[in-house]
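Number of protein chains: 2
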Amino acid sequence: MRLSTKGRYAVTAMLDLALNGKKGPVTLAEISENQGISLSYLEQLFAALRSKDLVRGVRGPGGGYYLGKSADEISIANIICAVDEWVEFTRCGGRQNCSGGARCLTHTLWDDLSSEIFNFLADISLGDLVRRNLGKKDEEEGNLSVVANSSSQAA
Amino acid sequence: MRLSTKGRYAVTAMLDLALNGKKGPVTLAEISENQGISLSYLEQLFAALRSKDLVRGVRGPGGGYYLGKSADEISIANIICAVDEWVEFTRCGGRQNCSGGARCLTHTLWDDLSSEIFNFLADISLGDLVRRNLGKKDEEEGNLSVVANSSSQAA
DNA sequence: TCTATTACCTAGTAAATCAGTCGGTATTTA
DNA sequence: TAAATACCGACTGATTTACTAGGTAATAGA
């Protein structure tokens, strides 16, 4: 797994799309304006997202981007993998010189942990995130204070 | 949160240390040999780990490194934060130009998700990882086949 | 006391990645 | 036809990655 600022940009942009795409496509110019990400960088990110069918583009005036599938079918792991092109870790390159054991053991442990992180992120969908916040929005209108709670283990 | 290959190197090295440090200190040369990480790079990583009291160095012949505290007191998040110097994300730089709402909303959502990932990794200790594999080692001696199971949600 | 071994420190570096600019082309609406 | 939008490729400064080189400081053992 790999979680960089690039992945954060992608998730942020997809969140914006999920939130604002209810009634018609959203342009990259809008996302750029909303989220403070450069337009060209968004284009690069969306090229990757599109190749994984996570978004669908519509050209021409009034065009923009739709989600490629429903927000519930798009996981955070999907998004991050799309832009970070997650190369699978060594895993000893297929058993080559992993003789001693210590190396293989730690690699195995790391691989297990890594899958665990991946599954954790694969279990959280864009829809989960959006719904989670709509609840909050009811409580306090407009001015969101950040509480950074981290319950709700994303069923 | 930030999860790069650098963090992976650090976790791998700490795992090696936890596994081999039972009876005396482990030298960086050994870890370098075991894990295929360059010695000088390890030195850099361990400088960061040492500054966070995650390891303790002993100089001179027969020296090396010990864990700075028990493996159960060291979380994966601790290790990754030590080497990746996790800068906290924008969060709108403290409310400055976050007027429209869309930006703040997605930032809030991202922050929540980010804390969730962090807490997830903070709940997995080095000791957990080691114990988890010792069980496996009983089943099949020596030659570990990687199954990449990801149950045991790290209580 | 000398020597080897280890941690510890600083500087430099090629390669990759990040985040962006620039200048286009293709498609579609009005 | 004109404007708006997605789409595409090349280039770029800054940063990060992983590593090399060349030290100094402390310590165990001869």
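Going line by line, the protein sequences match chains A and B. The opening residue of the first sequence carries number 1 in this note's numbering; numbering runs sequentially from there. The opening residue of the second sequence carries number 1001 in this note's numbering; numbering runs sequentially from there. Backbone N, C-alpha and C fix where the C-beta goes; we use that ideal spot for every residue, glycine too.
- Contact check for A:LEU49 and A:VAL83: beta-carbon distance about 7 angstroms, within the 8 angstroms limit, so the pair qualifies.
- Taking C-beta atoms under 8 angstroms as the contact rule, B:PHE1118 and B:ALA1077 qualify, at a distance of about 6 angstroms.
- In this model, B:PRO1061 and B:VAL1026 are separated by some 11 angstroms (Cα to Cα).
- For B:VAL1011, the enclosing alpha helix (DSSP H) has its first and last residue at 1005-1020.
- By the CB criterion at 9 angstroms, B:VAL1058 and B:LEU1017 fall outside the cutoff.
- Proximity of A:GLY21 to chain B, defined by a Cβ-Cβ separation below 9 angstroms, is not satisfied.
- Contact between A:LEU28 and A:PHE46 holds: CB atoms are separated by about 7 angstroms, below the 8 angstroms threshold.
- Of the other Cβ atoms in all chains shown, fewer than 16 fall within 10 Å of the Cβ of B:THR1005; this residue is therefore exposed.
- The closest CA to that of B:ARG1131, considering only A:ASN133, A:LEU105, A:ASP128, A:LEU129, is found on A:LEU105.
- For B:ASN1078, the closest Cβ of chain A is not nearer than 9 angstroms.
- For B:SER1125, the pairing in a beta bridge is given by DSSP as B:SER1075.
- In the DSSP annotation of this structure, B:LEU1067 is not part of any alpha helix (DSSP H); the continuous beta strand (DSSP E) holding it starts and ends at 1064-1067.
- At a cut-off of 9 angstroms between beta carbons, B:PHE1046 makes no contact with chain A.
- Scanning A:LYS23, A:TYR9, A:GLY64 for the CA closest to the CA of B:HIS1107 turns up A:TYR9.
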